[in-house]
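The block underneath contains the structure these notes are about, expressed in structure tokens.
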Amino acid sequence: MADDRKPKIDLKARLGKKTVMGVGGSVPPPVGIPKPSVPSALSSSVIPPPFGAGIPGPSAPRVDASDPYASISAHEAPMRAEPQAIKVELSDEVLHAQKKGRSRIMALAIVTAIVGGILGFALGSGSERGKRQDIALEGADLLVKEVDDANAQIEQLADVLKSAKQKLSESKYPEEEVSKLGGINIPFDGSNLTSKGIGLFKPQVVNMLIQFAGGATDANEQKSKLQRVLSGSKAGIMDFLEQATKPKVRWSLYVDNGPYGPWATMQMLPEAFPVKEEKGKDGKPYSWPDKFQFKDGDKTVSLERYMKGEPMGGDPKVIPVEPSSQSAVCPSGVLIQLRQEVGKLEDVLRGDNTPGAEKTGLLETGQQLLEQLKQIGGPGA
Numbered sequence: 000m001a002d003d004r005k006p007k008i009d010l011k012a013r014l015g016k017k018t019v020m021g022v023g024g025s026v027p028p029p030v031g032i033p034k035p036s037v038p039s040a041l042s043s044s045v046i047p048p049p050f051g052a053g054i055p056g057p058s059a060p061r062v063d064a065s066d067p068y069a070s071i072s073a074h075e076a077p078m079r080a081e082p083q084a085i086k087v088e089l090s091d092e093v094l095h096a097q098k099k100g101r102s103r104i105m106a107l108a109i110v111t112a113i114v115g116g117i118l119g120f121a122l123g124s125g126s127e128r129g130k131r132q133d134i135a136l137e138g139a140d141l142l143v144k145e146v147d148d149a150n151a152q153i154e155q156l157a158d159v160l161k162s163a164k165q166k167l168s169e170s171k172y173p174e175e176e177v178s179k180l181g182g183i184n185i186p187f188d189g190s191n192l193t194s195k196g197i198g199l200f201k202p203q204v205v206n207m208l209i210q211f212a213g214g215a216t217d218a219n220e221q222k223s224k225l226q227r228v229l230s231g232s233k234a235g236i237m238d239f240l241e242q243a244t245k246p247k248v249r250w251s252l253y254v255d256n257g258p259y260g261p262w263a264t265m266q267m268l269p270e271a272f273p274v275k276e277e278k279g280k281d282g283k284p285y286s287w288p289d290k291f292q293f294k295d296g297d298k299t300v301s302l303e304r305y306m307k308g309e310p311m312g313g314d315p316k317v318i319p320v321e322p323s324s325q326s327a328v329c330p331s332g333v334l335i336q337l338r339q340e341v342g343k344l345e346d347v348l349r350g351d352n353t354p355g356a357e358k359t360g361l362l363e364t365g366q367q368l369l370e371q372l373k374q375i376g377g378p379g380a
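Quick note: the sequence shown, position 51, residue 50 per numbering that gives the first Met the number 0, numbers continuous.
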């Protein structure tokens, strides 16, 4: 009588199961399982081993397949086709996620989980199905904790990235943020999906789990790339950041005869010099260098800075290039790479709102996935 008072749990609603027919029914098979080949008819001239290897049998007469009344003996009749393989088709989102170069571990984990869940439910006994349902509910409980832990790291990574961008915009090197990046790792990938019975989850939840695992892997890889750029190119980045407050002249040009008239040739200076300075190195009022020493093979050529008059004639005259114009036309390769890596990590974490290429970021996906899992087997379910 006590059992009659226990609340009944609607496992079908929580796991999103559908009515499943027998083996010959319309159960969709898992992706990645090759269709079993139908054995070809045994040769009429050879009896298969181990009972008659090499023993010749009667030759089979040719039968006109177009004649419905043509006689045929029992041993000549075609073998009965084996049952067709169970086939499952996942949504376009799943296929798209799998095509984005996920690791082999994640792909194997996904296939194993889905195949095990669906085949076990379709072919197992009622007792086995009940066990798999229990595994799925326990798996949902575990995933709630794992996704929650991953979300905490994702939010921390987003905060560190935001702080680093703020300092860079203020022409400051994000020393503290670079250090923090090394200690952040999102603890979620394809291996978290194994042995959780996700094959019994609703398709929407399975899709979100796959996207979340792939996005977490991408975020970890992109975070590592950004950290390598920031730490490996620190000198170049700091030098550029100083341009905002203490700009330096790094490039020059000189005028020479071109095919149809004078033209300017750009030349990097052997040593950059400040645009403005309070005092020179010798303590005297600061002024730009009058001469520059350029290497020409094994020789050193001394060229004067252009002051006034005709820029052509005799030795070329060096004309300094205004720093901001040079960086606008020829930006530093380090800065280009830095902007790219920051932008990629931003897209993974916060998504992309570009029309036609919209993508949900990890921050939003993680919270939505957590709520879905709690409805299956999490606390309060």
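Ideal Cβ placement from N, Cα and C applies to all residues, glycine included. Just so we're clear, the structure is a prediction, and the values are computed from it rather than from any experiment.
Bridge-paired residues (DSSP) for residue i
i: Thr299; result: Lys294
i: Phe272; result: Val248
i: Arg338; result: The partner list for Arg338 (beta bridge, DSSP) is empty, contrary to what the question assumes.
i: Thr264; result: Tyr253
i: Lys278; result: Pro284
i: Val317; result: Arg304
i: Lys358; result: Asp351
Nearest-angstrom Cα separation, counted from residue j out to residue i
i: Leu368; j: Ile375; result: 11 Å
i: Thr353; j: Thr359; result: 11 Å
i: Ala157; j: Ile209; result: 21 Å
i: Lys230; j: Gly365; result: Sequence check: residue 230 is Ser here, not Lys. Distance between the alpha carbons of Ser230 and Gly365: 29 Å.
i: Glu357; j: Lys247; result: 42 Å
i: Ser251; j: Ile318; result: 5 Å
i: Ile335; j: Leu167; result: 14 Å
i: Lys130; j: Ala218; result: 35 Å
i: Glu241; j: Ser194; result: 54 Å
i: Asp351; j: Gln155; result: 20 Å
i: Asp188; j: Lys224; result: 18 Å
i: Lys171; j: Gln266; result: 29 Å
i: Glu363; j: Asn206; result: 14 Å
i: Ile185; j: Gly213; result: 11 Å
i: Ser286; j: Val347; result: 49 Å
i: Gly296; j: Ile153; result: 53 Å
i: Pro173; j: Gln226; result: 11 Å
i: Ala327; j: Glu220; result: 30 Å
i: Gln203; j: Val146; result: 16 Å
Distance CB(residue i)-CB(residue j) smaller than 8 Å
i: Asp255; j: Met306; result: no
i: Tyr253; j: Thr264; result: yes
i: Phe239; j: Leu268; result: no
i: Glu303; j: Asp289; result: yes
i: Val159; j: Ser232; result: no
i: Lys222; j: Leu180; result: yes
i: Leu361; j: Ala215; result: yes
i: Ala271; j: Arg249; result: yes
i: Lys164; j: Val341; result: yes
i: Ile236; j: Leu344; result: no
i: Asn176; j: Ser190; result: Before going on, a small fix: residue 176 reads as Glu here, not Asn. No, the Cβ-Cβ distance between Glu176 and Ser190 is not below 8 Å.
i: Lys275; j: Pro284; result: no
Given residue i as reference, the closest of the options once Cα atoms are compared
i: Gly198; options: Ala243, Val320, Ala135; result: Ala135
i: Ile178; options: Leu240, Val228, Leu348; result: At residue 178 the sequence reads Ser, which differs from the Ile that was named. For the residues Leu240, Val228, Leu348, the minimum Cα distance to Ser178 belongs to Val228.
i: Gln132; options: Trp262, Glu145, Phe200; result: Phe200
i: Glu370; options: Gly129, Lys130, Glu137, Lys144; result: Lys144
i: Leu372; options: Gly196, Asp295, Gln325, Gly342; result: Gly196
i: Asp148; options: Lys161, Tyr172, Phe211; result: Phe211
i: Val300; options: Leu348, Asp314, Lys283; result: Asp314
i: Phe293; options: Ile183, Glu176, Lys316, Tyr259; result: Lys316
i: Asn150; options: Ser323, Pro202, Ile183; result: Ile183
query: Which full runs of the alpha helix (DSSP H) of 4+ residues lie inside the stretch 126-186, going along the chain?
result: Fully enclosed alpha helix (DSSP H) runs of 4 or longer: 174-180.
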